[in-house]
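Student:
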Amino acid sequence: MAYAAIKYGILHPNQAGALPKRSAVDIVVSLIYDIEKALAAGKVATLVTEDVMGAFDAILRNRMILRLRQQGWPGFLVRWIASFLLDRLASVRFQDTTTPSARLRCGLPQGSPISPILYILITAAIYFLSGAAQRYGYADDTAMLFIGDSLEDTARQANEAIAAMESWGRGEAIHFDPNKTEIMHFSRRTADHSQSPVIYHGDKEIRASTSMRWLGIWLDKKLTFNHHINEWTQKARKDTASPFSMLDNFWTGVPDS
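When you line the sequence shown up against my numbering, it's residues 142 to 398, in that order.
(1) Quick check: the stretch 271-287 against the stretch 146-157, are there 3 or more CB pairs under 8 Å?
(2) By how many angstroms is the C-alpha of residue 171 removed from the C-alpha of residue 83?
(3) What's the call for residue 268, buried or exposed, on a 16-neighbour Cβ count within 10 Å?
(4) For residue 286, report the span of its beta strand (DSSP E) as first-last.
(5) What whole-angstrom Cβ distance do residue 302 and residue 273 have, given they're in contact under 8 Å?
(6) Would you mind working out which of 316, 324, 379, 347 sits nearest residue 362, comparing C-alpha positions?
(7) Short check: CB of residue 242 to CB of residue 227, under 8 Å?
(8) Just list the residues that DSSP pairs residue 346 with in beta bridges.
(9) Taking residue 355 as part of the beta strand (DSSP E), name the residues at either end of that continuous run.
(10) Do residue 326 and residue 335 have their C-beta atoms within less than 8 Å of each other?
(11) Could you give the residue range of the alpha helix (DSSP H) that holds residue 167?
(12) For the alpha helix (DSSP H) that contains residue 361, what are its first and last residues?
(13) Using 8 Å as the threshold, is the C-beta distance between residue 260 and residue 249 below it?
(14) Opposite residue 211 in the DSSP bridges: which residues?
(15) By a C-beta neighbour count over all protein chains shown, 10 Å radius and 16 as the cutoff for buried, is residue 407 buried or exposed?
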């Protein structure tokens, strides 16, 4: 299914997760390329990252089946998936105690190899929504990039796109967590360094960060990657210090308590 979804264009080129030859780093590299291209053209950019609430646990069975039919999957495969998601039970076991089974009304089975593929299929429509210059995603992490002549312009675009995506999500039973939404403005103009237009996700006011981590990569407003280098340098020093400390104890002995 993952291969067919890519081959027949069901998934956006900037969507990844449980897909062959598409990694999180590939998605971030695509994002960085688009930002650098905009900055080289004298434009500014605003990045908005969001998180889908509930992820696997929030997927509705009938909505999943409808999405598969809309995407044109064969009937036999849709029926198999419909059966796969029907009459699911769950219980909790702790030590020697197991609770009675309870029927699950929604969600994709955790641990099944097909669940990540089904998840990216049901969320695929996110990446074809209008309002952003580009969209990117990995599993339940999604991002929108806005390009314009000023930060006020990109902030306006972002506010409109967030509101539109929230409205779309309510109709699709897909919701986004405002507490995990982050933004960052990118500009090489000196005058923009002191500007930081506010963006709203629902009633929550979100201000731009000086650095942002997305899919394991630290980004900064000028794309110097200094923060990313510093973070990983500190981590490397910490990781290498521990083995040397153990060796020192081996040769000199553990100090008396």
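Every residue gets a Cβ at the ideal spot worked out from N, C-alpha and C, and that includes glycine. It should be emphasised that the depicted structure is a prediction, and the values quoted were computed from it without experimental measurement.
Tutor: Taking the structure as given:
(1) Below 8 Å, enough C-beta pairs join the stretch 271-287 and the stretch 146-157 to call them touching: three or more.
(2) Absent from the model: residue 83. The displayed extent of the chain is 142 to 398, so no value can be given.
(3) Label assigned to residue 268: buried.
(4) Counting along the chain, the beta strand (DSSP E) containing residue 286 begins and ends at 282-289.
(5) The Cβ separation is near 5 Å, so the contact holds.
(6) Of all alpha-carbon atoms in 316, 324, 379, 347, the one lying nearest the alpha-carbon of residue 362 is that of 324.
(7) It is not a contact, given that the beta carbons lie outside the stated cut-off.
(8) DSSP output for residue 346 lists 341 as bridge partner(s).
(9) Run containing residue 355: 352-355, per the beta strand (DSSP E) assignment.
(10) Contact flag unset, no.
(11) That run of the alpha helix (DSSP H) goes 165-181.
(12) Unbroken run through residue 361 is the beta strand (DSSP E), 358-361; no alpha helix (DSSP H).
(13) In this structure, the beta-carbon distance from residue 260 to residue 249 falls below 8 Å.
(14) Looking at the DSSP output, residue 211 bridges to nothing.
(15) Residue 407 lies beyond the range of the chain shown here (142 to 398); nothing can be said about it.
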